[in-house]
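Below: one structure, written as structure tokens.
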């Protein structure tokens, strides 16, 4: 899953990115509002972590613009201002959740999972596709109630597909989600990962179908 | 005030007592004089030169006032022959004047009258002395005095009541105002209504309102500062917490070590920020922690440069110092040092490698000048005023910093009654010139 962190403190952004990478997120960092708008325009993100005090375009303005454009991307606001007014206006402007600095990383991740789940209309933290289940809290996949062992990249691929089950996922979007912006990897490498995941799903009723010219589709046979 | 009132009252009572006595004496003296005159006019001299008197009853009846006074009299010729009355009744020395005497063990008031008579003897006169006991006089005296006393007491009581009532009424707005001031302790401080008190009191209320306004402004500035400070502390705390989490969850040792060493750096920086916040609070006017002592600015600058030299070399920055052996300025030792640390630290922080930071101390008329120059990006003229504001950071600044350094420098310079000026250095970086009064 690919996240965008918009935060003007480069140091905080860097360490948040590293911490979230530990939890198998792919993370891009934007240092100001303008950069964030640019990133959001060219790539798909699973969720945005947005600091409100930003140079150039402030967080609240960015948030309003996104929502005006009709974007439904889950947004978690971070701010040093913990006042009630700030929380209310942040949520009213279209944020999905709000976290005041300093926060605990575990809480940030729990809230991220919650807003992503809500975005994908999942009330329960466990997503089931046929024989396959994903516990979005722990990130654990189970196939026929047996733990499914995946490498981090494979995990990212399958998570992306599960989140968008029933609809086609473009190869490029899947690549971006798994490798992020900085990757200078050959885009076709995604096929290798899809192939590996497919093999691990063999023998179940879950399939990754390839639709030429369209992308991949996770379906129950 | 009460003591004065009682004193005046006592004095008044004493005066009216004297007055009453004088009045009573005057009345008695008039009666004595009338009586003596009647007796004197009844003195007859017959052809043979014998002097005789027939005391007219009226002369004694005058004194018959129901006070059971005893009347004594004596009529004696100038040549010493007693004509009538009590031979042992002494004569007052002065004629026509009432005198206090003791007669037969009783106090009496007496008067002597010299009356000429027709006789062959030269200077023929009779002396008529009349004395009366003091029952009536004292009665009269008491009566007058009592009346006076009553009048006085009524006057005092009325005056007292009027005073108390008047004071109450006059002080009511002041008391109400004082209640209002006391009650406003808890709420937000607002200005008091001037028109609630008398005209004479209004300057006081106005002064109080001015004081409140100044205090309010000070409190607001302080609250802003605290809120800013809390804001500034939140980000490093978040970084710390994130770094700790990364270290705790790291599966490989390299990442864990990296996170831990970054955590240690962040901790130091956060501690430095806390230190700067404290310095700012102490440098604030009225904080009471400011002392004025001779401080060697040259030695301070040298010591600061030495302590930061290692860091500078690691960053690839040349540091240099020029200055006399000693240059004494007047200020607080810790604060002056804090000021130099912040200036040099700023220069090192914003100067890219390779670069130079130079510090110069020199004597100037009526003071000492400290110049810190760097080869960093400098500060645009439009930003030069703003960088002294607390927490202000030039937009797009990459280097880490709290935005407090120059604010501290300015506060210290102001407290030491010096001046500060920002300019461009020869290398295109920032040039800071601080002037402090010499010790």
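Chains as they are written, first to last, in the numbering used here: chain A, 5 to 225; chain B, 179 to 617. Quick reminder that beta carbons are idealized off the backbone N, C-alpha and C, glycines included.
Burial state of residue 294 (chain B) (16 or more Cβ within 10 Å): On the second chain, residue 294 (chain B) is found 116 positions in, with the first residue counted as 1. It is exposed - the Cβ of residue 294 (chain B) has fewer than 16 other Cβ atoms within 10 Å.
- prompt: Exposed or buried, residue 564 (chain B), counting other C-beta atoms within 10 Å across all chains shown (16 or more means buried)?
  reply: Residue 564 (chain B) sits at position 386 when you count from the first residue of the second chain. Label assigned to residue 564 (chain B): exposed.
message: Between which residues of its own chain and residue 448 (chain B) is the CB-CB distance below 6 Å, once the five residues before and five after are set aside?
response: Against the second chain, residue 448 (chain B) aligns to sequence position 270. So the qualifying residues of the chain are 414.
message: If contacts are defined as beta-carbon pairs under 8 Å, then residue 36 (chain A) and residue 60 (chain A) qualify, I think. What distance do you get, rounded to the angstrom?
response: The count along the first chain starts at 1 and reaches residue 36 (chain A) at position 32. The count along the first chain starts at 1 and reaches residue 60 (chain A) at position 56. Contact flag correct, Cβ pair sits at about 4 Å.
Distance between residue 107 (chain A) and residue 392 (chain B) (C-alpha atoms, nearest Å): As a working mapping, residue 392 (chain B) is identified with position 214 in the second chain. As a working mapping, residue 107 (chain A) is identified with position 103 in the first chain. When rounded, the distance between both Cα atoms is 38 Å.
- prompt: Are the C-beta of residue 22 (chain A) and some C-beta of chain B separated by less than 8 Å?
  reply: The sequence position of residue 22 (chain A) within the first chain is 18, counting from 1. It does: the Cβ of residue 22 (chain A) has a partner Cβ on chain B nearer than 8 Å.
message: Relative to the C-alpha of residue 386 (chain B), which candidate in B:362, B:500, B:299 has its C-alpha closest?
response: On the second chain, position 208 is the one that residue 386 (chain B) refers to. The shortest C-alpha to C-alpha distance from residue 386 (chain B) to any of B:362, B:500, B:299 is the one to B:362.
task: Give a yes or no on whether the C-beta atoms belonging to residue 289 (chain B) and residue 265 (chain B) are separated by under 8 Å.
output: Locating residue 289 (chain B) in the second chain gives position 111, where the first residue counts as 1. Locating residue 265 (chain B) in the second chain gives position 87, where the first residue counts as 1. No, these two residues do not count as a Cβ contact at 8 Å.
task: State buried or exposed for residue 79 (chain A), treating a residue as buried only when at least 16 other CB atoms are found within 10 Å of its CB.
output: For the purposes of this step, residue 79 (chain A) is taken as the residue at position 75 of the first chain. By the Cβ-count criterion, residue 79 (chain A) is buried, with 16 or more other Cβ atoms from all chains shown falling within 10 Å of its own Cβ.
field: Span of the beta strand (DSSP E) around residue 263 (chain B)
entry: On the second chain, position 85 is the one that residue 263 (chain B) refers to. Where residue 263 (chain B) is concerned, the enclosing beta strand (DSSP E) stretches over 260-263.
query: At a CB-CB cut-off below 8 Å, which residues of chain B make contact with residue 107 (chain A)?
result: Taking the first chain and counting its residues from 1, the one referred to as residue 107 (chain A) is at position 103. The contacting residues are 416, 419.
message: If we require 4 or more residues per run, which alpha helix (DSSP H) segments fall completely within the region 312-378 of chain B?
response: Listed in chain order, the alpha helix (DSSP H) elements of length 4 or more contained wholly in the region 312-378 of chain B are 313-361.
message: My parser needs the beta strand (DSSP E) runs of 3 or more residues fully inside the region 34-89 of chain A; what are they?
response: Runs of the beta strand (DSSP E) inside the region 34-89 of chain A: 51-55, 79-83.
query: Can you name the residues of chain B whose CB is closer than 8 Å to the CB of residue 85 (chain A)?
result: Here residue 85 (chain A) is taken as the residue at index 81 of the first chain, counted from 1. In chain order: 409.
- prompt: According to the Cβ coordinates, are residue 12 (chain A) and residue 55 (chain A) closer than 8 Å?
  reply: Counting from one through the first chain, the residue named residue 12 (chain A) turns up at place 8. Counting from one through the first chain, the residue named residue 55 (chain A) turns up at place 51. With contacts defined as CB atoms closer than 8 Å, residue 12 (chain A) and residue 55 (chain A) qualify as a contacting pair.
message: Rounded to the nearest angstrom, what separates residue 23 (chain A) and residue 424 (chain B) at their Cα positions?
response: By 1-based counting over the first chain, the position of residue 23 (chain A) is 19. By 1-based counting over the second chain, the position of residue 424 (chain B) is 246. Going from the Cα of residue 23 (chain A) to the Cα of residue 424 (chain B) covers about 5 Å.
message: So for residue 602 (chain B), helix, strand or coil by DSSP?
response: As a first step, residue 602 (chain B) is located in the second chain; it is residue number 424 there, counting from the start. Three-state result, residue 602 (chain B): strand.
Residues that residue 413 (chain B) contacts on chain A, provided the C-beta gap is smaller than 7 Å: Counted from its first residue, the second chain places residue 413 (chain B) at position 235. Chain A residues near residue 413 (chain B): 13, 16, 84, 105.
query: Buried or exposed: which applies to residue 354 (chain B), given that a residue is buried once 16 or more other Cβ atoms fall within 10 Å of its Cβ?
result: If you number the second chain from 1, residue 354 (chain B) lands on position 176. That one is exposed.
task: Round the Cβ separation of residue 51 (chain A) and residue 77 (chain A) to the nearest angstrom and send it over; I've been treating them as touching at under 8 Å.
output: Here residue 51 (chain A) refers to the residue found at position 47 when the first chain is read from its first residue. Here residue 77 (chain A) refers to the residue found at position 73 when the first chain is read from its first residue. Between residue 77 (chain A) and residue 51 (chain A) the Cβ distance is about 7 Å, and since that is below 8 Å, they are a contact.
message: Just to make sure I have the definition right: I need the residues of chain A whose C-beta is within less than 7 Å of the C-beta of residue 427 (chain B). Which are they?
response: In the second chain, counting from the first residue as 1, residue 427 (chain B) sits at position 249. Chain A residues near residue 427 (chain B): 26.
Whole beta strand (DSSP E) elements within the region 409-457 of chain B, 3-residue minimum: Here no run is fully enclosed.
query: Do the region 321-335 of chain B and the region 234-245 of chain B meet, that is, are 3 or more Cβ pairs less than 8 Å apart?
result: Contact fails: fewer than three Cβ-Cβ distances are below 8 Å.
- prompt: Of all the CB atoms in chain A, is at least one closer than 8 Å to the CB of residue 619 (chain B)?
  reply: An answer regarding residue 619 (chain B) cannot be provided, because it is not within the stretch 179 to 617 covered by chain B.
- request: Tell me where the alpha helix (DSSP H) around residue 517 (chain B) begins and ends.
  value: Start at 1 with the first residue of the second chain, and residue 517 (chain B) comes out as number 339. That run of the alpha helix (DSSP H) goes 511-528.
field: Cα-Cα separation between residue 21 (chain A) and residue 66 (chain A), rounded to whole angstroms
entry: Counting from 1 along the first chain, the entry for residue 21 (chain A) is found at position 17. Counting from 1 along the first chain, the entry for residue 66 (chain A) is found at position 62. Near 21 Å, if we compare the C-alpha coordinates of residue 66 (chain A) and residue 21 (chain A).
message: Tell me the residue span of the beta strand (DSSP E) that contains residue 552 (chain B).
response: Residue 552 (chain B) sits at position 374 when you count from the first residue of the second chain. Under the DSSP assignment, residue 552 (chain B) falls in the beta strand (DSSP E) whose first and last residues are 545-552.
field: Backbone CA spacing between residue 177 (chain A) and residue 26 (chain A) [nearest angstrom]
entry: Start at 1 with the first residue of the first chain, and residue 177 (chain A) comes out as number 173. Start at 1 with the first residue of the first chain, and residue 26 (chain A) comes out as number 22. Those two C-alpha atoms are separated by around 21 Å.
- request: Name the residue from A:203, A:189, A:225, A:161 whose alpha carbon lies nearest to the alpha carbon of residue 219 (chain A).
  value: Residue 219 (chain A) sits at position 215 when you count from the first residue of the first chain. Here the closest residue by C-alpha is A:161.
query: With 16 as the cutoff for other CB atoms within 10 Å, does residue 553 (chain B) come out buried or exposed?
result: Walking along the second chain from the start, residue 553 (chain B) turns up at place 375. Using a 10 angstroms sphere on the CB of residue 553 (chain B), the tally of other CB atoms reaches 16 or more, which defines it as buried.
field: Endpoints, the beta strand (DSSP E) within which residue 500 (chain B) is located
entry: The residue you call residue 500 (chain B) lines up with position 322 of the second chain. Looking at the DSSP string, the run of the beta strand (DSSP E) that includes residue 500 (chain B) is 495-500.
Proximity of residue 566 (chain B) and residue 548 (chain B) at Cβ, strictly below 8 Å: In the second chain, counting from the first residue as 1, residue 566 (chain B) sits at position 388. In the second chain, counting from the first residue as 1, residue 548 (chain B) sits at position 370. Taking 8 Å as the Cβ cut-off, residue 566 (chain B) and residue 548 (chain B) do not qualify as a contacting pair.
message: Buried or exposed for residue 404 (chain B), going by 16 or more other Cβ atoms inside 10 Å?
response: Here residue 404 (chain B) is taken as the residue at index 226 of the second chain, counted from 1. Per the 10 Å Cβ criterion, exposed.
- prompt: Comparing alpha-carbon positions, which option in B:272, B:273, B:310, B:274 lies nearest residue 283 (chain B)?
  reply: Within the second chain, the letter at position 105 stands for residue 283 (chain B). For the set B:272, B:273, B:310, B:274, the Cα lying nearest the Cα of residue 283 (chain B) is the one of B:310.
field: residue 570 (chain B) beta carbon less than 8 Å from that of residue 620 (chain B)
entry: Limits of chain B in this structure are 179 at one end and 617 at the other, which puts residue 620 (chain B) out of reach.
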